[in-house]
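Notes follow once the structure below has been shown.
Number of protein chains: 2
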Amino acid sequence: MSHSGLNMSRRIRRTPYTDRVETHGVRGFSVVNHMLLPKAFAPSVEQDYWHLRENVQIWDVSCQRQVEIKGPDAAKLVQLMTPRDIRKAHFGQGIYVPLIDEKAGMLNDPVLQKLDENLFWFSIADSDILLWAKGLAYGLHLDVEINEPDVSPLAVQGPKSSELMASLVGDAIYDLPYFGFAKFEILGTSQIIARSGYSKQGGYEIYLNGSQLGSDLWDLIWEAGQPHSITPGCPNLIERIEAGLMSYGNEFTNLNNPFECRFDHLCYFGDEIDYVGKDALLKIAQESPKQKICGIKFGGGKTPPCGKPFSVTSEDKSVIGQVTSAIYSPRLECNVGMSMILQSHWKSGSPVVVHTPDGLSRDGIVASFPL
Amino acid sequence: MSHSGLNMSRRIRRTPYTDRVETHGVRGFSVVNHMLLPKAFAPSVEQDYWHLRENVQIWDVSCQRQVEIKGPDAAKLVQLMTPRDIRKAHFGQGIYVPLIDEKAGMLNDPVLQKLDENLFWFSIADSDILLWAKGLAYGLHLDVEINEPDVSPLAVQGPKSSELMASLVGDAIYDLPYFGFAKFEILGTSQIIARSGYSKQGGYEIYLNGSQLGSDLWDLIWEAGQPHSITPGCPNLIERIEAGLMSYGNEFTNLNNPFECRFDHLCYFGDEIDYVGKDALLKIAQESPKQKICGIKFGGGKTPPCGKPFSVTSEDKSVIGQVTSAIYSPRLECNVGMSMILQSHWKSGSPVVVHTPDGLSRDGIVASFPL
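This is how it looks when you write it as structure tokens:
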């Protein structure tokens, strides 16, 4: 039980799948939303990467906790929390929603599922949105119940995931659009399955409602995956960066606004709806844009891990940004990264220099996603 | 940089002291408030325990983040957030304050420092109180600024800590009452130092304002500690349990109320002040108490780690509680734990049986703190 590096305690919550993940020899955990997220299984992130691109993997992503907003004022509160117009949200289609504070600083970037007229789930990244929602609801006297339900997403990711899922729940799985979801019968229960996941290799997430079913669900998928060379996996840093999948806390924080995160198209500025931070966001929209998140490729041999941002300079040595996530890509045969880059250099192809903590200055270029 | 078990990334923030902690050979990290907390240094938690009781240690507790509430409505918001009467709070004396939600569920148990009439710091346990405070302030239209300042507590803990601190800032350090704080000159800057810390062996916390001073402060204390056999350390599970120091997320969550956490004496029920959850708390106060956090001692050889709560039963085999933290104490020569126990068995000396995941049923007794 004592995994290399991380104390086990109730505070850092186990998931319904942790027992299975341990049986499969997980090589360590990260922590997201006070919950364990497996870190690696195969001897290297590179082996996991190649396998994910070619086969199918099962991922314990229970840490994508749901914040449930329920009640007569649920839609009102949900709309207050995001600059995205949620009036078209409906059962069957998840939408990606930036959440911002009163200064238009990013608080999270969940997927929103509207389950019923008065029932919504935010599937959150790493911040306690439950507390933000509860604070707003209390202060504004909204008639809502806000909870974290016993829902623990299990992801099936990779090009063979559709075939695997079809063998379990039937061909209707092929009809789901990207971010679409529906209820399917599995383990004798009705569960929400979405065509989604934290990779761009195709895949599904089962929003398992009922912790006690965790091991059974894992075993069912594991068995069904045998013909498809299934392995246990987890979000893969190489694949994530190449795909341009951002991570709250890494690529952006509450010091960044939605424009810097390329969420311009998700922000509504008309008169028909209001939300927290709208005035601040409008003001920022009227200023000229300063910086945004860009891809980056750089050389100089395998980069050290990006535990704190790497400084990025232009050829004339002025600082023009920072790398926030980085790793070596065995496919592209260079280092790949995500970076916040000033407007002067955010055009793809701009030459830059990346400064890594090993003291090296590495030549690179700004690049668009996917890398 | 790649520590056994825990991915290094910007999301799990390094502290101003992480460089030094790594130089000292830290054996892994935990994560609190999205920030690294060292897990162990000596070959065993037991060695760390004995050293802490006899000497002095330096701890990186930067993860005790400050939530700063500032502005004309600061005192109003702070009072809304806690059932404790904060009218007597004043500069120089920190107070321990339960924070609750509208249902009287525990959200955190920080130490509150009033720095000025309109300026407060909550030194928080592991939940995003910043978001709760911001949500309340927005909804209630309060005139406050809420931020996480660049303040990173460094703790000096153990019986020799007073002597060490006096050698750095003078004998005035002896005048601080428990939880008292004052400004002291250190490294040519003025910093808040409190007589506090997450052990009962005596000690101080330097609320370092200014990350860039981290390594210098560490080195200064390290040098001054040489005559006192200083070692790097961290909150010690054996000492914490014996002392009865609770941990949010372990001993209690938002499903527990302040009475269950023994905070009865911190709850104000008069007419002069109001706070979130007061009605719910009053209602609970009128019911007969159900359960509360108790010490527990049990045998059967060294307990496995308490990654999820251990069930506790009475001698007639009915479930009467759960152990939420546990470890073997080499001093008491038995296992020690913290547990939530039903009223029928919370009297010290009550015989109980603890069921550990290795399949053993271990005889134990309920005990009062310190163990």
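Chains as they are written, first to last, in our numbering: chain A, 5 to 375; chain B, 5 to 375. For glycine and all other residues, C-beta sits at the position ideal for the given N, C-alpha and C.
What does DSSP give as the partner residues of residue i in its beta bridges?
{"i": "D367 (chain A)", "result": "A:V357"}
{"i": "F188 (chain B)", "result": "B:Q195"}
{"i": "P157 (chain B)", "result": "B:Y211"}
{"i": "I225 (chain A)", "result": "Partner(s): none; I225 (chain A) has no beta bridge."}
{"i": "R88 (chain A)", "result": "BP columns for R88 (chain A) are empty, so no partner."}
{"i": "H349 (chain A)", "result": "Paired residue(s): none; H349 (chain A) is not in a bridge."}
{"i": "R335 (chain B)", "result": "Beta-bridge pairing links R335 (chain B) to no other residue."}
{"i": "F124 (chain B)", "result": "B:I73 and B:K118"}
{"i": "S329 (chain A)", "result": "A:M342"}
{"i": "Y100 (chain B)", "result": "B:V115"}
{"i": "T376 (chain B)", "result": "What the structure shows of chain B is the stretch from 5 to 375, and residue 376 (chain B) is not part of that stretch, so it cannot be assessed."}
{"i": "F373 (chain A)", "result": "Looking at the DSSP assignment, F373 (chain A) forms no beta bridge with any residue, so it has no partner."}
{"i": "H94 (chain A)", "result": "A:Q97"}
{"i": "I150 (chain B)", "result": "B:I73"}
{"i": "Y252 (chain A)", "result": "A:F256"}
Mind checking residue i: buried by the 16 CB within 10 Å criterion, or exposed?
{"i": "S156 (chain B)", "result": "buried"}
{"i": "F273 (chain A)", "result": "exposed"}
{"i": "P355 (chain A)", "result": "exposed"}
{"i": "E337 (chain A)", "result": "exposed"}
{"i": "V316 (chain A)", "result": "buried"}
{"i": "R91 (chain A)", "result": "exposed"}
{"i": "V36 (chain B)", "result": "buried"}
{"i": "Q230 (chain A)", "result": "exposed"}
{"i": "L286 (chain A)", "result": "exposed"}
{"i": "H145 (chain A)", "result": "exposed"}
{"i": "Y53 (chain B)", "result": "buried"}
{"i": "Q347 (chain A)", "result": "exposed"}
{"i": "K164 (chain B)", "result": "buried"}
{"i": "P236 (chain B)", "result": "buried"}
{"i": "S233 (chain A)", "result": "exposed"}
{"i": "S322 (chain B)", "result": "exposed"}
{"i": "L259 (chain B)", "result": "exposed"}
{"i": "E246 (chain A)", "result": "buried"}
Terminal residues of the continuous beta strand (DSSP E) containing residue i?
{"i": "T317 (chain B)", "result": "F314 to T317"}
{"i": "G299 (chain B)", "result": "Q295 to F302"}
{"i": "I345 (chain B)", "result": "C338 to L346"}
{"i": "S34 (chain A)", "result": "F33 to V36"}
{"i": "I288 (chain B)", "result": "I288 (chain B) -> not in any beta strand (DSSP E); alpha helix (DSSP H) instead, spanning K282 to Q290."}
{"i": "L40 (chain A)", "result": "M39 to P42"}
Which residue from the options puts its Cα closest to that of residue i?
{"i": "K204 (chain A)", "options": "A:Q290, A:I242 and A:K138", "result": "A:I242"}
{"i": "T22 (chain B)", "options": "A:D320, A:G363 and A:G311", "result": "A:G311"}
{"i": "S34 (chain B)", "options": "B:A44, B:G248 and B:A176", "result": "B:A44"}
{"i": "P293 (chain B)", "options": "B:W350, B:Q61, B:V49 and B:I16", "result": "B:W350"}
{"i": "D352 (chain B)", "options": "B:P308, B:T360 and B:G368", "result": "Per the sequence presented here, residue 352 (chain B) reads as Ser, with Asp not at that position. The residue with the shortest Cα to Cα distance from S352 (chain B) is B:G368."}
{"i": "S251 (chain A)", "options": "A:D113, A:R18, A:K74 and A:D268", "result": "A:D113"}
{"i": "F126 (chain B)", "options": "B:V101, B:L146 and B:G109", "result": "B:V101"}
{"i": "L41 (chain A)", "options": "B:P87, B:I16, B:G325 and B:E50", "result": "B:I16"}
{"i": "Q61 (chain B)", "options": "B:G75, B:A46 and B:D179", "result": "B:A46"}
{"i": "E384 (chain A)", "options": "A:A289, A:K287, A:S66 and A:N339", "result": "A question about residue 384 (chain A) goes unanswered here, because the residues of chain A that appear run from 5 up to 375."}
{"i": "I345 (chain A)", "options": "A:T360, A:V370, A:P361 and A:R335", "result": "A:V370"}
{"i": "P313 (chain A)", "options": "A:Y211, A:D362 and A:D223", "result": "A:D362"}
{"i": "K296 (chain B)", "options": "B:Q117, B:E26 and B:F373", "result": "B:F373"}
{"i": "V2 (chain B)", "options": "B:S343, B:F267 and B:L103", "result": "Here chain B comprises residues numbered 5 to 375, so residue 2 (chain B) is not present and cannot be evaluated."}
Is residue i near the ligand ZN, with its Cβ less than 7 Å from a heavy atom?
{"i": "S127 (chain B)", "result": "As for the ligand ZN, it is missing from this structure, which has no ligand bound."}
Can you name the start and end residues of the alpha helix (DSSP H) that residue i belongs to?
{"i": "W54 (chain A)", "result": "V49 to E58"}
{"i": "D120 (chain B)", "result": "From DSSP, D120 (chain B) is part of no alpha helix (DSSP H) but of the beta strand (DSSP E) over V115 to D120."}
{"i": "V25 (chain A)", "result": "T22 to T27"}
{"i": "G143 (chain B)", "result": "I133 to G143"}
{"i": "L168 (chain A)", "result": "S165 to V173"}
{"i": "L180 (chain B)", "result": "Element bounds for L180 (chain B): n/a, residue is neither H nor E."}
{"i": "A247 (chain B)", "result": "L241 to A247"}
If you pair each beta-carbon of the stretch 81-101 of chain B with each one of the stretch 171-183 of chain B, do three or more pairs fall below 8 Å?
yes
Stretch pair the stretch 296-307 of chain A + the stretch 120-135 of chain A: three plus CB contacts closer than 8 Å:
no
Determine contact between the stretch 166-178 of chain B and the stretch 139-156 of chain B, defined as no fewer than three beta-carbon pairs at a distance below 8 Å.
Flag = no, the stretch 166-178 of chain B and the stretch 139-156 of chain B do not touch.
Per the contact definition of three or more C-beta pairs closer than 8 Å, is the stretch 196-214 of chain B in contact with the stretch 24-41 of chain B?
no
Determine contact between the stretch 276-288 of chain A and the stretch 79-91 of chain A, defined as no fewer than three beta-carbon pairs at a distance below 8 Å.
yes
So does the stretch 126-143 of chain A actually touch the stretch 130-141 of chain B, counting three or more Cβ pairs closer than 8 Å?
yes
Given 8 Å, three or more beta-carbon pairs between the stretch 214-226 of chain B and the stretch 189-204 of chain B:
Taking a cut-off of 8 Å on C-beta distances, the stretch 214-226 of chain B touches the stretch 189-204 of chain B, as three or more cross pairs fall below it.
With a threshold of 8 Å, are at least 3 pairs of Cβ atoms found where one atom belongs to the stretch 325-343 of chain A and the other to the stretch 227-243 of chain A?
yes
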